[in-house]
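Worksheet for the structure shown next.
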């Protein structure tokens, strides 16, 4: 039997019940670290998490953009700090976790969002080892390192949420060749599932956020011609690319206690793309 607490309200001889809810933001009292937090989904998530009450550590290689995001957060009354780090370097990832705990006393949400897509990424024949290794170092190793050093911090805080950015291409093949990117995101998805199971009884939730094609600078560089863009758009049931702030709202759900029973999920924000069998009429 399940039990819950209710507050009775007397009105016109009838008894009503309502659950007691906090009036604050969905991340009040939480500390969130967001990699790739200076642009795209990372930027929108940084702004949104701060708006919802989180203290945010914005991590990125671009210090100008990162500090600009922090300035926006502070101008809106939020709390944020910027830290420059390359997520493919273990000592820098360890340092970013330490900065979060030193500045804010704990870490509750780890959003491993940083990722790259290199324009020379192609099929297995034409993709160079350098492109393969660089992509894997950031997209897959970077997530591994974030979890390696982030999990102990979450445990010290009594648990928390890890969100790892994968992609819809972790679930289906891309006709436009991008073999290194696709393989890296498939690895993120598989790793997220395993970490979720390992830490499920330690009050740590791990979910893979899988966006569809988004109108970001990253995608615009890769889909550099009308032909490449239309080849993707024709298969999207909603007829448009997604927006970074729409994915940020998905990340907010996974970061908040609203998703307290959600772990090991493949959380799709893809406009229905992966569910489409044929091109919509």
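In this note's numbering, the protein residues as written are 857 to 1137. Where is the CB? At the ideal position from N, CA and C, for every residue including glycine.
Under the DSSP assignment, residue 1097 falls outside any alpha helix (DSSP H); it carries neither an H nor an E label. The C-beta distance from residue 1010 to residue 1060 rounds to 5 Å, short enough to meet the 8 Å contact threshold. Rounded to whole angstroms, residue 1049 and residue 979 show a C-alpha spacing of 27 Å. Fewer than three Cβ pairs drawn from the segment 914 to 927 and the segment 976 to 991 lie within less than 8 Å of each other, which leaves the two stretches out of contact. Look at the beta carbons and you see the segment 938 to 958 touching the segment 994 to 1002: at least three pairs across the two are nearer than 8 Å. In this structure, 1131 is the residue among 1131, 972 and 916 with its C-alpha nearest to the C-alpha of residue 1093.
Under the three-state reduction of DSSP, residue 1092 is assigned to coil, being neither helix nor strand. DSSP places residue 915 in the strand class (E or B) of the three-state scheme. Residue 959 has its alpha-carbon roughly 31 Å from the corresponding atom of residue 1099.
When DSSP states are grouped into helix, strand and coil, residue 1122 belongs to the strand group.
Within the segment 975 to 1048, the complete alpha helix (DSSP H) segments of 4 residues or longer fall at 985 to 992 and 998 to 1012, listed in chain order. Under the criterion of beta carbons closer than 8 Å, residue 973 and residue 915 do not qualify as touching, at roughly 19 Å. Nearest to residue 897 by C-alpha distance, out of 957, 1136 and 1073, is 1073. Looking at the backbone, the Cα of residue 971 and that of residue 1124 are separated by about 17 Å. Counting only runs of at least 4 residues, the segment 914 to 966 fully encloses the following alpha helix (DSSP H) elements, listed from N- to C-terminal order: 919 to 931 and 946 to 960.
Here residue 888 is bridged, per DSSP, to 912 and 965. With a beta-carbon spacing of about 6 Å, residue 929 and residue 903 fall inside the 8 Å limit used to define contacts. Going by DSSP, residue 897 is part of the alpha helix (DSSP H) stretching over 896 to 907. DSSP places residue 1064 in the uninterrupted beta strand (DSSP E) bounded by 1060 to 1067. A straight-line Cα-Cα distance of about 22 Å links residue 962 and residue 1104. Residue 1129 and residue 1068 have their C-alpha atoms roughly 7 Å apart. In its chain, beyond the 5 residues on either side, 882, 883, 901, 904, 905 and 908 have a beta carbon closer than 8 Å to the beta carbon of residue 1108. With a threshold of 16 other beta carbon atoms within 10 Å, residue 886 meets it and is buried.
Of all alpha-carbon atoms in 1024, 1110 and 1033, the one lying nearest the alpha-carbon of residue 1042 is that of 1024. For residue 1070, DSSP records a beta bridge to 1098.
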